[in-house]
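The structure appears right after this line, and notes come after that.
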Amino acid sequence: MRVKIDIIPLGIGNVYVIRDQGAILVDGGDTKKTKAFVKGLENISLKPEEIELIVITHGHFDHIGTAADIKKLTGAKLAMHEKEKACLEKGFMPLPPGFNLWGTVMVGVMKVFMLPFRTIPITNVDIVLDDNEFSLSNYGIPGKVIHTPGHSAGSVSVLLETGDVFIGDLAMNEFPWSFGPGFAAFGVSVGSVKASWSILLEKGAKMVYPAHGDPFPVSVIEEALDKD
Ligand SMILES: [Zn+2]
Ligand SMILES: [Zn+2]
């Protein structure tokens with residue numbers, strides 16, 4: 044069976060369902076999206092309990108907002124990097140600085156119009172990821188989780204053997220967050236974003252699945268890296 048990839052939009056971000064021998068979820072969506080998640084699973088004929096693992100790409104509110112409920116519904120284990128697990132375990136809502144003027148404006152918009160209206164339901168992280176790769180073979184998925192900092196210090200990506208890569212916010216493809224596919228306009232380090240992309244390219248990334256916007260080929264990133 045070829046790896047099957049489905050998108051479930053949960054508020055301002057997408058979560059991805061990856062299925063092969065097993066089923067895993069990438070990210071936990073914006074806050075208060077439990078109903079949309081249940082509906083999304085129905086649409087793809089997947090029972091909640093079939094999901095065995097939730098990989099959280101990073102600790103921003105739009106990636107962990109419904110994670111506690113999703114964990115409860117599915118009974119899945121939840122994996123998150125050690126540098127960001129406090130966001131979900133304690134309900135922290137950090138935001139990174141902008142990389143440019145547009146990024147600074149967007150972070151300002153989130154601070155004023157989004158954060159005050161959200162709280163993160165907390166839950167425990169079962170699998171604490173570090174800087175080493177984490178194989179997904181025990182979960183029936185041919186791929187691994189790789190530490191890819193830059194957008195945040197504890198950002199991770201899920202890279203499948205097919206070259207499909209789920210990168211959270213290491214790149215974006217949706218206005219107003221970005222103008223077309225490319226690097227996010229905010230994060231903790233441009234240099235780390237580029238270094239993380241170099242690692243993903245070296246390891247065979249081909250198709251990019253961002254949390255914000257549609258998938259795009261990795262050639263877009265190669266061109267952006269070449270420009271520097
Ligand atoms: Zn983010
Ligand atoms: Zn995001």
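Residue numbering for the sequence shown is 44 to 271, as defined by the working numbering.
Heads up, the beta-carbon is just placed ideally off N, CA and C, and yes, glycines get one too.
1. How is Gly108 classed by DSSP in three states: helix, strand or coil?
2. Closest to Gly146 by C-alpha separation, out of Leu116, Ser221 and Ser239, would be which residue?
3. Could you give the residue range of the alpha helix (DSSP H) that holds Ser262?
4. What is the residue span of the beta strand (DSSP E) that Lys47 lies within?
5. Compute the Euclidean distance between the alpha carbons of Met149 and Asp207, then round it to the nearest angstrom.
6. Does any heavy atom of ligand 2 sit closer than 7 angstroms to the C-beta of Ala79?
7. So the candidates are Leu96, His255 and Lys237; which of them puts its Cα closest to the Cα of Glu266?
8. Cβ of Gly118 versus every heavy atom of ligand 2: is any distance shorter than 7 angstroms?
9. Relative to ligand 1, is the shortest distance from any of its heavy atoms to the C-beta of His190 smaller than 7 angstroms?
10. Please go through the same chain and pick out, in chain order, the residues whose beta-carbon is closer than 8 angstroms to the beta-carbon of Lys249, but skip the five residues on each side of it.
11. Are there three or more Cβ pairs, one per stretch, closer than 8 angstroms when the segment 100-107 is compared with the segment 182-199?
12. Take the Cβ of Asp70 as the centre, count every other Cβ of all protein chains shown within 10 Å, and call the residue buried at 16 or more, exposed below.
13. Would you give the residue range spanned by the beta strand (DSSP E) that Lys120 belongs to?
14. What residue from Asp212, Thr109 and Leu158 has the CA that sits closest to Gly230's CA?
15. Near Ile87, which residues of its chain fall below 7 angstroms by C-beta distance, leaving aside the five closest residues on each side in sequence?
16. Please classify Arg62 as buried or exposed, where buried requires at least 16 other C-beta atoms within 10 Å of its C-beta.
Let's see:
1. Reduced to three states, the DSSP call for Gly108 is coil.
2. Each of Leu116, Ser221 and Ser239 was checked against the Cα of Gly146, and the nearest Cα belongs to Ser221.
3. Ser262 to Asp269
4. Lys47 to Leu53
5. 28 angstroms
6. no
7. Of the candidates Leu96, His255 and Lys237, the one whose C-alpha sits nearest the C-alpha of Glu266 is Lys237.
8. no
9. His190: no, Cβ never under 7 angstroms from ligand 1.
10. Thr205, Gly206, Asp207, Val208, Pro260 and Val261
11. yes
12. buried
13. Here the beta strand (DSSP E) through Lys120 covers Lys120 to His124.
14. Comparing Cα positions, the closest option is Asp212.
15. Asp49 and Val60
16. buried
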